[in-house]
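Novice:
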Ligand code: SF4
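Chains as they are written, first to last, in the working numbering: chain A, 18 to 477; chain B, 588 to 881.
(1) Quick check on this structure: which residue in A:113, A:118 and A:198 has the alpha carbon closest to the alpha carbon of residue 166 of chain A?
(2) Does the segment 702-717 of chain B come close enough to the segment 602-618 of chain B that 3 or more CB-CB pairs lie under 8 Å?
(3) Using CA coordinates, which residue listed in A:321, A:370 and A:349 is at the minimum distance from residue 402 of chain A?
(4) In the segment 674-693 of chain B, which residues sit with their C-beta less than 7 Å from some C-beta in chain D, listed in chain order?
(5) In chain B, what lies closer than 9 Å to residue 406 of chain A by C-beta?
(6) On the premise that residue 317 of chain A lies in contact with residue 343 of chain A, defined as a C-beta separation below 8 Å, what is that separation, rounded to the nearest angstrom?
(7) Give the residues of chain A in contact with residue 728 of chain B, contact being defined as C-beta atoms less than 7 Å apart.
(8) Heavy atom of the ligand SF4 less than 8 Å from the Cβ of residue 50 of chain A, yes or no?
(9) Going along the chain, which residues of its own chain have a beta-carbon closer than 7 Å to the beta-carbon of residue 354 of chain A, five neighbours each way excluded?
(10) What's the gap between the Cα of residue 808 of chain B and the Cα of residue 653 of chain B?
(11) Does any residue of chain B have a CB that is nearer than 9 Å to the CB of residue 458 of chain A?
(12) Helix, strand or coil, according to DSSP, for residue 839 of chain B in the structure here?
(13) Quick one: does residue 662 of chain B have its CB under 9 Å from some CB of chain A?
(14) Give me the subset of the segment 642-659 of chain B whose CB atoms are less than 7 Å from a CB atom of chain A, sorted by chain position.
(15) Inspect the beta-carbon positions of residue 227 of chain A and residue 164 of chain A and report whether they are closer than 9 Å.
(16) In this structure, does DSSP put residue 720 of chain B in helix, strand or coil?
(17) Write down every uninterrupted run of the beta strand (DSSP E) in the segment 321-369 of chain A whose length is 3 residues or greater and which is fully enclosed by it, in chain order.
(18) Check whether the Cβ atoms of residue 481 of chain A and residue 424 of chain A sit closer than 9 Å, and answer yes or no.
(19) Only counting the same chain, and skipping five residues up and downstream in sequence, which positions put a Cβ closer than 8 Å to that of residue 101 of chain A?
(20) With DSSP as the reference, identify every bridge partner of residue 597 of chain B, one or two as the case may be.
(21) For the ligand SF4, is there any heavy atom lying closer than 8 Å to the beta carbon of residue 119 of chain A?
(22) Indicate whether at least one CB of chain A lies closer than 9 Å to the CB of residue 606 of chain B.
(23) Under 8 Å from any heavy atom of the ligand GTP, does the C-beta of residue 689 of chain B make it?
(24) Please confirm if residue 598 of chain B has its CB atom under 9 Å from at least one CB of chain A.
(25) Indicate whether at least one CB of chain A lies closer than 9 Å to the CB of residue 695 of chain B.
(26) Determine the direct distance from the alpha carbon of residue 259 of chain A to that of residue 274 of chain A, and round the result to whole angstroms.
(27) For the segment 400-427 of chain A, which segments carrying the alpha helix (DSSP H) assignment without a break, of at least 4 residues, lie completely within its bounds, in sequence order?
(28) With a threshold of 16 other CB atoms inside 10 Å of the CB of residue 49 of chain A, please say whether the residue is buried or exposed.
(29) Which residues in chain B sit within 9 Å of residue 131 of chain A, going by Cβ to Cβ distance?
(30) In the DSSP assignment, the beta strand (DSSP E) including residue 628 of chain B goes from what residue to what residue?
(31) Given this structure, state the Cα-to-Cα distance separating residue 305 of chain A from residue 430 of chain A, to the nearest angstrom.
(32) Is residue 589 of chain B close to chain A, meaning its C-beta is less than 9 Å from at least one C-beta of that chain?
(33) When we look at the beta-carbon of residue 53 of chain A and count the other beta-carbons within 10 Å, is it buried (16 or more) or exposed?
(34) Measure the CB-CB distance between residue 705 of chain B and residue 752 of chain B and report whether it falls below 9 Å.
(35) Below 7 Å CB to CB, which residues in the same chain sit around residue 88 of chain A once its five sequence neighbours on both sides are set aside?
(36) Comparing C-alpha positions only, which one of A:145, A:90, A:91 and A:286 sits nearest to residue 47 of chain A?
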């Protein structure tokens, strides 16, 4: 028998769509559902069990706020009224009507309501985002796909391409920890090799960025949640889809992604671009050299890591390939589609796809890891298991403020987080007060063959 | 007698596929009970909202859900009318077809009646729910869920689709009975006309471990009374048909053990229907052949 999922991250599909809409300047969401649906979007930003009321920061969110009588008699006339009022008072360039579970279950003919206003020349679309379709990331993807479809219909002929413009998909605003920092860093990295990111979301995204989608030379997809819009643009305009193995964490991963992009674009990275990548590499080398003593003291760890498909694999790859750590469990927690399991776990050991908090806890417990890496949910778990914990994914409410893990700068933050856990004084020795030492296997792991195990690659 | 001393009213749900004559049957049962001196409430739970029409001479009656459309809380007087013999008539109502959720409508209406304390106020002996029996979603099962009605009857003709709907209701009863839902009182065979009809319904009852509590033949008196906006009990009280309804009313409210039916599963139901098909058409062929020989 099926049972309820414990602690799905980031709310339901509707919330993913709302959060995405709010991250695109000029795109206005209108929730067609009961009041709680729109309110939950604010609450879920703080994670389950944290908020007691709607946060003051909840942005103004038009909603039809259906009552029981609308469920019984249908909510379309309420929607008609709300569309009209929203168009009149909320400034924006595209209104997106987002349906929740109640309205999709009673079968409101939302498309007809939207057609009424689009025939009058208004820019309005409707998107089926009821929570029963899936998680916030599902909703964000449907939302992006609908936007891509809309620009496609708006301008069916492709009006030329803008050289070096690359659409970016797969980072889910406010749901992926560090989404804004990661976005900025990807923009900086692509700019370093002469490309320009068309991000759609965030401060440099917005309605113009939406209009520019068809002019891009390629779509870079960082997680399976970006495939929907990228494929839509590929079908309509033949824009090639470049699928990365996740967020590029560390200089190697950056080089890989950019090489792949340049190959698809048929545009080799020029001298200035190569120089930029060398700087990126040297930054990482500096970081590793500076922390060498500490890392040696910490030794090669067996880690259990939990995170979304954007970051879990990439962080694990960095830990394995660069620091020489081994994986006890890599848990991809955002329920990506099955077809993406292969690419997401390429080159990694002991990857599992689990989205239930209880199952994740059990997998970490059974993994015999000696360090837990993840977000705030894993912190409690690590405490229970009396294992050291490295917090790399900040809680989603702080996700907008944190810097993320893209590039060599991201790797630097990752190493810093590790050192904060094991060597907070920076004296090159593992802290001895951690309860983990009581487990008895600490010294064995820290000193393989009697000598402290060095990270596999330090410098070039 | 104070409300406390009065025995709790008996709540009875009468289900039936749309158009099978369940409203006519229910209204005649209500009329017969009222005629015998009982206080009766009949609640129509069908979005068509015409359950109690023939008790009220066809007068307009705002539905419970109509009152939900507005913002003010309705009073009992706004949503009820006294019909023949003092039967309190209430229509749950529903949305326009193709819009909204009729199932939730029924739940909402029943909730509202409870909040209005209709039963405490009117102190009925019997409450009859006339429910659209095409149980398509949870809302239509509300009257038999959580023990609102302790007994459910199903009105059926010998039409396969009516039997199919009855079988579905049996499934719903079996689903909810363990958690305090109502039980089956029995089958009411309605519109009996064709020679095989009675045998067919008897056989269905037999196969599902249920009981037929009344046989109502098709009659012109029913159709005629309806044209005048009346029940048979009111229009032609001395007719044989009126007697049949009085008898049925006594059976329906009599104390007896509710049953847990054994509904047929999909393939069994189809096989059963096919078997009857062969028998009926086989019989007709024989008649036609015999006539041809003459
Ligand atoms: S799961 Fe459905 S009902 Fe719940 S908040 Fe999301 S859209 Fe609304």
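For glycine and all other residues, C-beta sits at the position ideal for the given N, C-alpha and C. Predicted, not measured: the structure shown is a model, and the values here were computed from it.
Specialist: Put simply:
(1) Ranking A:113, A:118 and A:198 by Cα distance to residue 166 of chain A puts A:113 first.
(2) Touching, per the Cβ criterion.
(3) Among A:321, A:370 and A:349, the Cα nearest to that of residue 402 of chain A belongs to A:321.
(4) Annotation note: the requested chain D is absent from the structure, which comprises protein chains A and B.
(5) Correct list: empty, because the minimum Cβ distance to chain B is about 45 Å.
(6) Contact flag correct, Cβ pair sits at about 7 Å.
(7) Within chain A, not a single residue places a beta-carbon under 7 Å from that of residue 728 of chain B; the smallest gap is close to 17 Å.
(8) It does: the Cβ of residue 50 of chain A is within 8 Å (strictly closer) of some heavy atom of the ligand SF4.
(9) Excluding residues within five positions, the ones whose Cβ falls inside 7 Å are 241.
(10) Pairing residue 808 of chain B with residue 653 of chain B, the inter-Cα distance amounts to about 33 Å.
(11) The predicted position of residue 458 of chain A is uncertain, since its pLDDT is 40 and thus under 50; a value taken from the coordinates is nonetheless stated next. With 9 Å as the cut-off, residue 458 of chain A does not count as an interface residue toward chain B.
(12) It is helical.
(13) No, because no Cβ of chain A sits closer than 9 Å to the Cβ of residue 662 of chain B.
(14) Of all residues in the segment 642-659 of chain B, 652, 655 and 656 have a Cβ within less than 7 Å of some Cβ in chain A.
(15) Yes.
(16) Residue 720 of chain B: coil per DSSP, three-state reduction.
(17) Runs of the beta strand (DSSP E) inside the segment 321-369 of chain A: 343-349.
(18) With chain A covering only 18 through 477, there is no way to say anything about residue 481 of chain A.
(19) Only 134 meet the Cβ criterion.
(20) Beta-bridge analysis with DSSP links residue 597 of chain B to B:713.
(21) The beta carbon of residue 119 of chain A sits closer than 8 Å to at least one heavy atom of the ligand SF4.
(22) So no, residue 606 of chain B is outside the interface.
(23) In the structure shown, the ligand GTP is absent; the only ligands present are the ligand SF4.
(24) It does not: the Cβ of residue 598 of chain B has no partner Cβ on chain A nearer than 9 Å.
(25) Yes, its Cβ sits closer than 9 Å to a Cβ of chain A.
(26) For the pair residue 274 of chain A and residue 259 of chain A, the Cα-to-Cα distance works out to about 9 Å.
(27) Counting whole runs of 4 or more residues, the segment 400-427 of chain A contains the alpha helix (DSSP H) stretches 413-416.
(28) Buried.
(29) Per Cβ cutoff of 9 Å: no residues; residue 131 of chain A is ~17 Å from chain B at best.
(30) Unbroken beta strand (DSSP E) run through residue 628 of chain B: 627-632.
(31) For residue 305 of chain A and residue 430 of chain A, the distance between alpha carbons rounds to 11 Å.
(32) Note that residue 589 of chain B scores 46 on pLDDT, short of 50, meaning its location in the model is unreliable; the coordinates nonetheless yield the value given after this. It does not: the Cβ of residue 589 of chain B has no partner Cβ on chain A nearer than 9 Å.
(33) Classification for residue 53 of chain A: exposed.
(34) Annotated as distal: residue 705 of chain B and residue 752 of chain B, with beta-carbon spacing of 9 Å or more.
(35) So the qualifying residues of the chain are 119 and 123.
(36) The shortest CA-to-CA distance from residue 47 of chain A to any of A:145, A:90, A:91 and A:286 is the one to A:145.
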